[in-house]
Amino acid sequence: MPLTANAPAPAKKLLREAVHAQLRTDILSCRIPPGAEIREAELAARFAVSKSPVRDALMHLEREGLVISSPRQGYRVTPVSLSDVQDMFHLRSVLERACMERIVSLASDAQLATLDTFRRFDPDDWEGGLVAYNRAFHGMLAQLSHNKRMRDEINDLIEQMERVVRVSLASLKQESPASPVAEHCLIIDALQARKARLAARLAGQHIATAAQRVNDALAHLVIAS
8 MPLTANAPAP AKKLLREAVH AQLRTDILSC RIPPGAEIRE AELAARFAVS KSPVRDALMH
68 LEREGLVISS PRQGYRVTPV SLSDVQDMFH LRSVLERACM ERIVSLASDA QLATLDTFRR
128 FDPDDWEGGL VAYNRAFHGM LAQLSHNKRM RDEINDLIEQ MERVVRVSLA SLKQESPASP
188 VAEHCLIIDA LQARKARLAA RLAGQHIATA AQRVNDALAH LVIAS
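Per the numbering used here, numbering of the sequence shown is gapless, rising by one per residue and ending at 232.
Here it is, written out as structure tokens:
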């Protein structure tokens, strides 16, 4: 069902939010790739709306750092920056290692047992499935930290990093999705044994390995630093 601009004021707000949500998803999933130009007229035609909600959505995305604007040149998707990626991985490492101690101290045995669902990965939908599986695992760790601010920050980072995760999947195909799954299993073992230091060390190694995989993939692309 196409979006429509012929709506009263409250509906127009929802219209802007719908356009923003769809564009955000397209950017994070790389359906609109890093560096791509974005034209208001084309988006207005795509969503069957006026340029006003499109412009509002793009301004919102600019505040989120997902698009950049240039005078007389319009908008384009923010390129993947190696320095920004490194910063995000560093912050994730700090936060997720801190999560391990809280999980060991605060999670119940029943909650820790729910992690067993992440010991397996069905590779039928290899690319999309692996992204969803990885996001769900790290999101569950954030949830079990019992710290709302920590959980929200980690989930926000995971969402922002989906672009670079997808960029790096090509290199992982040369290995096997079994590699990150095995790393997750080691973390689960340490948490269920309530070994906080071991879990923190494994989490740090896991994120460092992912960061190296992304760096290797980005080395073959044109990066805007």
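Virtual Cβ for every residue (Gly too), placed ideally from N, Cα, C.
Compute the Euclidean distance between the alpha carbons of residue i and residue j, then round it to the nearest angstrom.
i    : j    : result
P40  : P86  : 8 Å
R127 : L137 : 11 Å
R109 : S152 : 5 Å
Q150 : L122 : 11 Å
D223 : R170 : 15 Å
Q167 : A117 : 30 Å
A25  : V188 : 34 Å
R208 : R104 : 7 Å
D91  : M66  : 21 Å
E71  : L35  : 12 Å
R23  : P60  : 5 Å
A55  : Q80  : 23 Å
A114 : M95  : 26 Å
A210 : R156 : 19 Å
I214 : R46  : 36 Å
Y198 : L119 : Here the sequence assigns Leu to residue 198, which means Tyr is not the residue at that position. Roughly 7 Å between the two C-alpha positions.
V84  : L73  : 6 Å
R220 : D129 : 21 Å
Name the one or two DSSP bridge partners that residue i has.
i    : result
V84  : V74
I194 : I194 is not bridged to any residue.
Run through DSSP, which three-state label would residue i get?
i    : result
Q45  : Correcting the residue type first, residue 45 is Ile in the shown sequence and not Gln. In this structure, I45 counts as strand in the three-state DSSP scheme.
R142 : helix
S59  : helix
H153 : coil
S100 : helix
R127 : coil
M107 : helix
R173 : helix
S90  : helix
P187 : helix
R53  : helix
On a Cα-Cα basis, can you pick out the residue from the options that is closest to residue i?
i    : options                : result
E44  : H191, S36, S77, A25    : S77
I161 : R99, H191, A206        : R99
V101 : V74, Q212, R173        : Q212
Y140 : T124, R70, N154        : T124
L205 : M157, H145, V111, S186 : V111
R97  : I165, A28, N154        : One point to set straight first is that residue 97 is His, not Arg, in the sequence displayed. That would be I165, whose Cα lies nearest to the Cα of H97.
M147 : V172, M107, D129       : M107
T32  : L193, G42, L68         : L68
T216 : V172, C37, R201, D63   : V172
H191 : A143, K58, D163        : A143
Which first and last residues belong to the alpha helix (DSSP H) in which residue i is found?
i    : result
I214 : 203 to 225
A114 : Taken as a continuous stretch (DSSP letters only), A114 belongs to no alpha helix (DSSP H), as it is neither H nor E.
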